[in-house]
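Numbered as in the numbering used here, the sequence shown ends at 207 without a single skipped number.
All remarks here apply to the structure that follows.
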Amino acid sequence: MTRRLIGALAIITTLLLSGCGNDYGIDQYGQKVAAERLDKQWVVINYWAEWCGPCRTEIPELNALAEQLKGQNVGVFGVNFDNVQGEELKAASEKLGIKFTVLAQNPDGIFEIPRSEALPVTYIIDDKGKVREQLMGEQTAAGVLAKLKALRG
């Protein structure tokens with residue numbers, strides 16, 4: 055009886071804990087992206103592709119932005135527009151010199167991100183998961199920082 059009770063409690067605890075937040079799949083290195091990295095904080099999500107010239111120019115700016123925002127409850131993430139996966143995603147990310155986390159799974163359904171046919175495109179999402187801004191074209195670290203400051207008040 056006690057053994058069954060302990061087993062049932064273990065299962066219930068596991069189910070309850072697994073329901074706390076959505077994990078965001080894996081990154082370009084196959085590492086799990088935990089929910090706490092995106093939930094309840096501001097998020098900058100950039101869509102890029104290897105064939106996109108302006109994306110290549112923008113990547114160093116986004117790398118700088120990610121560095122500047124460390125420890126400020128704002129995360130910078132990338133998503134490959136062409137939905138490449140696995141080793142191909144890792145290789146493309148490295149080829150472009152991306153230093154921030156690239157999500158292998160597109161979070162568009164979680165954040166209700168509209169599909170854009172133009173690249174690059176960057177979205178600013180608030181700490182409640184709402185898209186607050188869509189930035190079309192090449193961005194600079196200073197420009198995104200200014201937009202974040204204005205939106206956060």
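Beta carbons are placed, not taken as given, at the ideal position from N, Cα and C, and that holds for glycine.
CA-CA distance, Lys124 to Leu92, rounds to 13 Å.
Taking 7 Å as the cut-off, the beta carbon of Phe135 is found closer than this to the beta carbon of Ala103.
Per the C-alpha coordinates, the member of Asn127, Asp81, Leu150 positioned closest to Ile113 is Leu150. Note on geometry: alpha-carbon atoms of Val156 and Lys201 lie some 22 Å from one another. One alpha carbon belongs to Lys153, the other to Asn117, and they sit about 6 Å apart.
When the five nearest sequence neighbours on each side are left out, the beta carbons in the same chain lying within less than 6 Å of the beta carbon of Ala120 are those of Val130, Phe154, in order along the chain.
For Thr111, the uninterrupted alpha helix (DSSP H) run begins and ends at 107-122, by DSSP.
The residue from Thr176, Glu141, Gly140 with its alpha-carbon nearest to that of Val98 is Thr176. In the DSSP assignment, Glu187 falls within the unbroken beta strand (DSSP E) covering 185-190.
In the displayed model, Val198 falls within a helix according to three-state DSSP. Secondary structure of Lys153 (DSSP, three-state): coil. Taking the Cα of Cys106 as reference, the smallest distance to any Cα among Ile179, Ser147, Tyr83 is reached at Ser147. Secondary structure note for Gly132: its beta strand (DSSP E) is the uninterrupted segment 128-134. Collapsing the DSSP output to three states places Ile178 in a strand.
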